[in-house]
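One gets my numbering by counting positions in the sequence shown from 1 and adding 63 to each.
Just so it is clear, CB atoms sit at the ideal spot from N, CA and C, and this is done for glycine as well.
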Amino acid sequence: MRMKNYFQVSLDVEGQPCLIVGGGEEATEKANRLLDAGACVTVISPEVTPQLQAWVEEGRITLEARRLALADLAATLDGVHLVINTVKRDPVLSRQLCAACVARRIPISAYDQPEHSTFVMVSLVRCGRLRVAFATGATSPALARVLRQQFEQVFDDDFAAFMEFLAQERLRIEAAMPKGHARREALRRLVRGLEVRAEIDYPPAYLDWLAAQQQESSVADESHAVAATSRGEHLPPGDAAPAVTKKVS
64 MRMKNYFQVS
74 LDVEGQPCLI
84 VGGGEEATEK
94 ANRLLDAGAC
104 VTVISPEVTP
114 QLQAWVEEGR
124 ITLEARRLAL
134 ADLAATLDGV
144 HLVINTVKRD
154 PVLSRQLCAA
164 CVARRIPISA
174 YDQPEHSTFV
184 MVSLVRCGRL
194 RVAFATGATS
204 PALARVLRQQ
214 FEQVFDDDFA
224 AFMEFLAQER
234 LRIEAAMPKG
244 HARREALRRL
254 VRGLEVRAEI
264 DYPPAYLDWL
274 AAQQQESSVA
284 DESHAVAATS
294 RGEHLPPGDA
304 APAVTKKVS
């Protein structure tokens, strides 16, 4: 399958009806993100997680406790702004749901099924007002998940407090200063000196692959040199391909 390059946007869904198909943990995570964005969320699933059920009882989401039937697609999608399909075990449903959404120009994301999606949801770190997204173009959702988990430790409660400080200072500066260079400089001064430091410890699977690549490159260089010598040729300095190196912290 060809990997796509996606165009990253942030979508305004506040007050918009959004549909989630499925009621498992993935549906719970997506519902949480939609609620955070102010969407009106409906979940279609015969069974849901305790958290989804709690949101139903609190009146935060609407639950239709049923399976989505193909015959009901037209009525189900009427007025819907966005669809998220978290059901992976029914490829026929995924394909036809995607086709129905495309025909109605409704954005749809099918979990771990980019072929049945018109957009993919990035792995998201939330820290106060900050949102940091990781996307791999469907190359490795597992990598995006690991990065999210790692960066959640970086952007902690202290950083959330820093974000709140920035929000309050922005309001104060905008109230006190007219638009222009001086105001922009005052806002930039608030973050001047901030530095995030990071090191990457690559996993053994990648290091083994890298070592194999280096060995193959070395063998190829030696074979090239032997063949050239047997023909009476002399390789000029630096003619062989350089070894692949990688700094691992």
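Tell me which residue opens and which closes the alpha helix (DSSP H) that residue i is part of.
| i | result |
| --- | --- |
| Ile83 | Ile83 -> not in any alpha helix (DSSP H); beta strand (DSSP E) instead, spanning 80 to 84. |
| Asn95 | 88 to 99 |
| Glu232 | 220 to 239 |
| Glu120 | 113 to 120 |
| Leu250 | 244 to 252 |
DSSP puts residue i in a beta bridge; with which residues?
| i | result |
| --- | --- |
| Leu74 | Beta-bridge pairing links Leu74 to no other residue. |
| Arg194 | Arg189 |
| Ser172 | Ile147 |
| Cys103 | Pro80 |
What number of angstroms, rounded off, separates the C-alpha of residue i from the C-alpha of residue j?
| i | j | result |
| --- | --- | --- |
| Val311 | Gln213 | For Val311, the predicted model reports a pLDDT of 34, less than 50, meaning its position is unreliable and no value from the coordinates is stated. |
| Cys191 | Ile236 | According to the sequence displayed, residue 191 carries Gly and not Cys. About 21 Å. |
| Thr139 | Arg129 | 12 Å |
| Ile83 | Thr125 | 10 Å |
| Leu234 | Leu253 | 13 Å |
| Ala223 | Gln278 | 47 Å |
| Ser203 | Glu248 | 40 Å |
| Ala304 | Glu89 | Bear in mind that the predicted position of Ala304 carries a pLDDT of just 38, short of 50, making it too unreliable to give a figure here. |
| Asp264 | Asn148 | 34 Å |
| Ile107 | Ala94 | 12 Å |
Smallest Cα separation from residue i: which of the options?
| i | options | result |
| --- | --- | --- |
| Leu145 | Pro266, Leu253, Pro241, Ser172 | Ser172 |
| Ala100 | Arg189, Leu270, Leu229 | Arg189 |
| Val76 | Cys103, Asn68, Ala90, Tyr69 | Cys103 |
| Ala117 | Gly86, Glu215, Asp219 | Gly86 |
| Leu229 | Arg255, Gln216, Gln176, Ala207 | Arg255 |
Provide the residue span of the beta strand (DSSP E) that contains residue i, from first to last.
| i | result |
| --- | --- |
| Ala201 | Counting along the chain, Ala201 falls outside any beta strand (DSSP E), and DSSP gives it neither H nor E. |
State the CB to CB distance for the pair residue i and residue j, rounded to an integer number of angstroms; the pair is presumed to be in contact (CB under 8 Å).
| i | j | result |
| --- | --- | --- |
| Leu156 | Leu131 | 7 Å |
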